[in-house]
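One line per chain: the protein sequences are L and X, in this order. When you line the first sequence up against the numbering used here, it's residues 1 to 197, in that order. When you line the second sequence up against the numbering used here, it's residues 1001 to 1082, in that order. By construction, the Cβ of each residue, glycine as well, lies at the ideal position given by its N, Cα and C atoms. Below is one structure; the comments refer to it alone.
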Amino acid sequence: MHAISNNMNVRTSKPLLSNGVLGMILFVFTEVMFFAALISAYLIIRSNEAVWPPWGQPRLPVATTGFNTLVLFISGICLIMAYRSFSDPEKRKKTLLFYGASILLGGFFVLLQGYEWIGLIKFGLTLSSSLYGSLFYLIIGLHGIHAIGALIAMLVTYLRMSGDESRVSKAELSTVQFFWFFVVAIWPILYVLLYLV
Amino acid sequence: MMSVKIPLPINASRVLLMAGVIFLIFSNAEACSVCYSNTEDMKWSFYISIIFMGLLPPSMVTGLAFWLYRRHKRAMVAVREN
């Protein structure tokens, strides 16, 4: 996609979106459909059960995960702040600080989720214990894998940026940012459906 | 000029008749052949899922197209101002 200028008989064109960002947007579209299919399957299976969660299965840690959701949101806000200050070379430290904070908070989210899982497994909720356990670990686990993937991409960008800022373009930052925003945006839906409702 | 009429294998009245018969004979269609339940809740979750999954791709593509259009418009204004 290009914006075309015809001023002074000189035809110039500037891309509206970088290839990386467009590719990431299309990838995120497929991921949205993937999670939509999982949510759809979860709702259909759940609607057939008289009692949900089933008797004898441990209850999910709603409060801790609620706090973790807040941490994930703050991580997303930090990434927005880092992106805003990226264009200004004088705010390099601020960019790195916010970007680093976003990675740390994202890492904290994944670790706390893992810690919760250990507790749930100890209480008897496993992948094979029930349909409830299978769906929970499948959906939340896949979100966790996406979060880890996005964090690795963010960490690589951070390391490149901390060495020499000019090595990372704004388009590259946007590409990683889109993926992390997807991870942040899909989480509240999963939290409400699996933990609250 | 000579025109050649090619006969269709099936005519419109037969199609209408077949459609009528199909609509008359079915009573309660299951949402899918492997569904193990016929509860009202499950039926509704199928309906909602089908609508949701059906509307999601066009809404995402429309959203992207609208966003690109707005970016393009803004870029054109910036080009004209410079």
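- For G144 of chain L, the enclosing alpha helix (DSSP H) starts and ends at 131-163.
- N68 of chain L and G76 of chain L have their C-alpha atoms roughly 13 Å apart.
- Residues of the segment 18-40 of chain L with a C-beta less than 8 Å from any C-beta of chain X: I25, F29, V32, M33, A36, A37, S40, listed in chain order.
- Chain-order list of chain X residues neighbouring I139 of chain L: empty, with the shortest C-beta distance near 15 Å, by a criterion of under 9 Å.
- Chain order gives no chain L residues near P1058 of chain X, where near means a beta carbon separation below 9 Å; the closest approach is about 11 Å.
- If you look at V1021 of chain X, you'll find it in the alpha helix (DSSP H) that goes 1012-1025.
- Closest option to A153 of chain L, judged by alpha-carbon separation, among L:T126, L:N19, L:L43, L:F178: L:F178.
- Per the coordinates, the alpha-carbon of P188 of chain L lies some 11 Å from the alpha-carbon of H143 of chain L.
- Per DSSP, the continuous alpha helix (DSSP H) segment holding R1074 of chain X begins and ends at 1040-1081.
- DSSP places P53 of chain L outside both helix and strand once states are collapsed to three, so it counts as coil.
- For F179 of chain L, the uninterrupted alpha helix (DSSP H) segment begins and ends at 170-191.
- Rounded to the nearest angstrom, the gap between the Cα atoms of I139 of chain L and K14 of chain L is 40 Å.
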